[in-house]
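Heads up, this note's numbering is the position in the sequence shown plus 4, with the first residue counted as 1. One structure below.
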Amino acid sequence: MPRRKPASATPLRVVAPEERESQLTKPLTLLEAVESGDILDIMLAQRRIIAESLMSAADNTRPQYSNELNKLNKLINEEQARRSTEAADASVVAHLEVEAWDGTGY
Numbered sequence: 005m006p007r008r009k010p011a012s013a014t015p016l017r018v019v020a021p022e023e024r025e026s027q028l029t030k031p032l033t034l035l036e037a038v039e040s041g042d043i044l045d046i047m048l049a050q051r052r053i054i055a056e057s058l059m060s061a062a063d064n065t066r067p068q069y070s071n072e073l074n075k076l077n078k079l080i081n082e083e084q085a086r087r088s089t090e091a092a093d094a095s096v097v098a099h100l101e102v103e104a105w106d107g108t109g110y
């Protein structure tokens, strides 16, 4: 028996290139990130600055830049993991008290 399409189903379509480009966000500058007050945006902007500086740094300062970049990457990963955990916790449908199941119905 053929499956019927639900009345509310909308047809799928390919996203146009201009729609994809409009959804890409331009990275914030350090000043913009500081003004936003978002610690993750600030760290991402700092990481870009350090990475750009590392490319043109003198040989004797590269280890220092690299070390700072590694520290910042660790902090960024921790912040992203924290936000991911918070988002997962926030997706709970209802906060209910835990009750012992008494074995009756559903």
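Just so it is clear, CB atoms sit at the ideal spot from N, CA and C, and this is done for glycine as well. These figures come from a predicted structure and were not determined experimentally.
{"Check": "Unbroken alpha helix (DSSP H) run spanning residue 36, endpoints", "Outcome": "34-40"}
{"Check": "For residue 101, three-class secondary structure by DSSP", "Outcome": "coil"}
{"Check": "Assigned exposure category for residue 53 - 16 Cβ within 10 Å defines buried", "Outcome": "exposed"}
{"Check": "Reduced DSSP secondary structure (H/G/I, E/B, other) of residue 89", "Outcome": "helix"}
{"Check": "Sequence-distant residues of the same chain with beta carbon closer than 7 Å to residue 50, five excluded per side", "Outcome": "34 and 76"}
{"Check": "Three-state secondary structure (DSSP) of residue 30", "Outcome": "coil"}
{"Check": "Residue 49: first and last residue of the uninterrupted alpha helix (DSSP H) it sits in", "Outcome": "43-60"}
{"Check": "Proximity of residue 58 and residue 70 at Cβ, strictly below 8 Å", "Outcome": "yes"}
{"Check": "Reduced DSSP category for residue 74 - H, G, I as helix; E, B as strand; rest coil", "Outcome": "helix"}
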